[in-house]
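Encoded as structure tokens, the structure appears first; notes follow it.
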Amino acid sequence: MQVVEIVIRNNTYKISCESGKKSHLLRLANSFDKLVGSVSQKIGGFGPEIFGFNDKSGTRWKLSAVPLGGYVKMLGDTNAASVPADQQELTEEEKLYSFHTKPRHKKAAVVFAGPFANMVFAVIAFTIFFSIAGYYRTPPVIENVIEGSAAKQAGLLPGDTITQINEHKIKYFEDISRVIMSNPKTRMEIEYSRNNEKHRTSLTPLIIKDKDVFGNTIERETIGIISVNTLKQSSFLGAVSLSVSETYHTMCLTIKALFHIIVGKRSINEIGGPIKIAKYSGQSAKKGFIMVLYFMAIISANLAAINLLPIPLLDGGHLFHYIIEAVIRRDLSLKCQKYAAIFGALVLFLLMATGMSNDIRDLF
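Those letters in the sequence shown? Residues 1 to 364, per the working numbering, in order.
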């Protein structure tokens, strides 16, 4: 569950992503690839079954009463933590297909398939977006400097070309916004060129209140420089390349934002829940299909990153579990797995509760 800011053509969006409840389409993207494993049930939603059927492989597909995401139940699972059932309760034939009897590398592949599907979905959605809407690839040349801004105080002038911020090389003007968002409350060493001569200065971005394209009031850090953007219609291959990069950077930004909240660099109030997701979903829908597609791509990349975190119950927690077992060369005890599952459930519950609390507070 995470809030990130993104910049599309100099417009800043603050988007919330709640890890416990996904939209049905993105949940489907996350779970569809897990069909390569030994599945006993695939469930859409939670609670009593409304409709269901068995396919030829014996997998039960069903729609449940509470439409909040969904999940995959592997053969041999007794609960959401994927703690294995007593193998004695399975027939010999069922043991051959049980998820928990598979080698660790196969179990890891099944677990990783979910986040990987989210990555693929994000790349596809970004590709369609950039192919239709085009994209900016502007040189990092300053067109104008805002009076009273951090850049003005640091001595930056129109015509300067920013080449590096801290250890980050700057290739495009959009990279500047990405570095600022990824490093909140950080003093920045700016390397720039003026009249073919290299110069250095330092500054701390200022926090300003702004409006996103939906009209929501947001706070963002800025150094106060402006560039004239030139819209380029991308080729398909160019859109694919850019989409892979955008997915990667969005995932990195999500993980960094969560880390910054933990260490106090960002406010815990930035965590959003399902109400905020619904709000932004509705606002993006009013902007048309193309913005809905971009919103879904961002959310999908967020989900991929969050699910790879080494927290029990998440896919990343299962992968971490298999890595530990590979290192110690034995299975973790059921007792250890159950305690880890309880810890993971508490962490996720706290995140969900925080997101819901922030959502309710923002309504008033």
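Cβ coordinates follow ideal geometry from the N, Cα and C atoms, glycine included.
Exposed or buried, residue i, counting other C-beta atoms within 10 Å across all chains shown (16 or more means buried)?
i	result
T217	exposed
D55	exposed
Y339	exposed
L237	exposed
H318	buried
F129	buried
T91	exposed
A285	exposed
G273	buried
F364	exposed
R361	exposed
V263	exposed
L253	buried
F277	It should be noted that the sequence gives Ile, not Phe, for residue 277. The residue is buried, with at least 16 neighbouring Cβ atoms inside 10 Å.
I328	exposed
R330	exposed
S177	buried
Measure the Cβ-Cβ separation of residue i and residue j and say whether it is below 8 angstroms.
i	j	result
S243	F126	yes
N269	N358	yes
M310	F343	According to the sequence as given, residue 310 is Pro; it is not Met. Not closer than 8 angstroms, so no.
I226	I190	no
G355	I255	no
E197	I207	no
Y192	I146	no
L314	H321	no
A326	R137	no
I170	P158	no
Where residue i and residue j are concerned, what is the direct C-alpha to C-alpha distance, given to the nearest angstrom?
i	j	result
Y294	N118	14 angstroms
I124	G114	16 angstroms
A345	G224	43 angstroms
M352	S182	23 angstroms
L156	T186	18 angstroms
L35	S57	With a pLDDT of 44 at L35, under the threshold of 50, the modelled position of that residue is not reliable, and no figure is offered here.
K95	I132	49 angstroms
G282	L75	38 angstroms
N144	V228	9 angstroms
T250	D160	28 angstroms
K21	I323	Reliability fails at K21, whose pLDDT of 36 lies under 50, so the model's placement of it is uncertain and no value is given.
S202	Y172	20 angstroms
G373	F289	Coverage of the chain is limited to positions 1 through 364, which leaves residue 373 absent and any answer about it impossible.
E246	E93	45 angstroms
S64	E49	4 angstroms
L258	F349	16 angstroms
K152	M188	14 angstroms
Y248	A305	9 angstroms
A341	H260	25 angstroms
R200	V72	54 angstroms
V66	D175	42 angstroms
S149	I275	35 angstroms
Bridge partners of residue i, per DSSP?
i	result
E219	K209
L203	M188
S177	S177 is not bridged to any residue.
M291	Paired residues: none, contrary to the question.
H168	I165
E197	R194
I226	N144
E376	The question about residue 376 has no answer, for the chain in this structure spans 1 to 364.
What whole-angstrom Cβ distance do residue i and residue j have, given they're in contact under 8 angstroms?
i	j	result
I180	P205	5 angstroms
G52	R60	6 angstroms
G316	L308	4 angstroms
K107	F99	7 angstroms
K265	P184	5 angstroms
S267	F121	With 8 angstroms as the limit, S267 and F121 do not qualify as a contact, their Cβ atoms being about 30 angstroms apart.
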